[in-house]
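Down below is the structure, laid out as structure tokens.
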Amino acid sequence: MARSIAELFQRLTTGIYVIGVADGNRRDAFTAAWLTQVSFDPLMVALSVNPDNASHAMLKNSGRFAVTILKQEQLELARHFGTRSGADTDKLAPIDWAETPAGMPYLKAALAWLDCRVNTITPAGDHELVLASVHAGELLDAEAVPMSDAETGNMDNSAALFPASFPSDHGHS
Ligand SMILES: Cc1cc2nc3c(=O)[nH]c(=O)nc-3n(C[C@H](O)[C@H](O)[C@H](O)COP(=O)(O)O)c2cc1C
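Everything in the sequence shown is counted per numbering that gives the first Met the number 0, starting at 0 for the first residue and increasing by one.
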């Protein structure tokens, strides 16, 4: 059953992004699939962040983050930023990166980047939902195809995190 819920939810498709954060002279970045646009005017995105991520405290303290939109062929970047923590290693050190106008790190090999300012943070189960407005951005490679989370398979071992069954709906109609 756990496998079937994982397989069901893996059909909810998103892109794959690298979220860059900075606080003072510290920087970090992590891979994220749970990001989507939620408003045209003002331009806004929602991002779901695991509070255990080392990036989480920096994002909260600075109230800002950059979104790097990855290209289809950039699986190694998704793995690099998504399978180890910045608490243990400086993940940005071996990577070519630059800063958004607000000073947040994005990857120069990106398809595009966005500069985001946090509006609200709401608890969302085992994650926190960050609503943010987008203040700048740049399309770096208009010909490239964005990466889809289906390409990453079970790179983050998240299949094991799904519940064994749906919560009982006894008592509800
Ligand atoms: C494909 C993929 C998608 C991920 N999506 C998210 C996500 O949407 N939100 C999140 O908080 N972590 C996500 N992660 C996990 C973080 O990238 C991972 O925990 C990372 O090591 C955290 O880095 P940090 O401790 O340096 O912040 C994802 C990982 C992978 C490989």
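Glycine included, C-beta positions come from ideal geometry on N, C-alpha and C. Computed from a prediction, not measured in an experiment: that's the story for all the values here.
Check, Outcome
"Identify the residues that DSSP records as bridge partners of ILE18: which are they?", "PHE29 and VAL66"
"How about ILE68: is its Cβ closer than 7 Å to a heavy atom in ligand 1?", "no"
"Sorry if obvious, but does the Cβ on ASN24 come closer than 7 Å to a heavy atom of ligand 1?", "no"
"Out of MET103, ALA65 and ALA135, which one is the CA nearest neighbour of ASN24?", "MET103"
"Give a yes or no on whether the C-beta atoms belonging to LEU106 and ILE94 are separated by under 8 Å.", "yes"
"Following the continuous alpha helix (DSSP H) through GLU75, name the residue where it begins and the one where it ends.", "74–81"
"I'd like the list of long-range same chain contacts for LEU110, defined as Cβ closer than 7 Å, with 5 residues on each side in sequence excluded.", "ILE68, LEU69, LYS70, LEU139, ASP140, ALA143 and PRO145"
"Just how far apart, CA to CA, sit ASP27 and ALA77?", "14 Å"
"Could you name each continuous beta strand (DSSP E) segment of 3 residues or more that falls completely within the segment 73–133, going from the start of the chain to the end?", "96–98, 104–106 and 111–123"
"Below 8 Å on the Cβ atoms is my contact criterion, and I expect MET199 with ALA131 to pass it. Report the Cβ-Cβ distance as a whole number of Å.", "Nothing about residue 199 can be reported from this structure: the residues present for the chain run from 0 to 172 only."
"How close, in whole Å, do the beta carbons of ASN52 and PHE29 come, if the pair is a contact with beta carbons under 8 Å?", "5 Å"
"Going by DSSP, which residues form a beta bridge with THR35?", "ALA45"
"Determine the closest residue to MET154 out of GLU75, SER54, GLY19 and HIS55, with distance taken between C-alpha atoms.", "GLU75"
"Can you find the residues in the same chain that come closer than 6 Å, C-beta to C-beta, to GLY85, ignoring five residues on each side of it along the sequence?", "ASP27 and ALA53"
"Find out if the Cβ-Cβ distance for the pair ASN60, HIS126 is shorter than 8 Å.", "no"
"Anything with a beta carbon under 5 Å from a heavy atom of ligand 1 counts; list them all in chain order.", "ASP27, PHE29, THR30, ALA31, ALA32, TRP33, VAL48, ASN49, ASN52, ALA53, SER54, GLY81, SER84, GLY85, THR151, MET154 and ASP155"
"Go ahead and label ALA21 buried or exposed: buried means 16 or more other beta carbons lie within 10 angstroms of its beta carbon, across all protein chains shown.", "buried"
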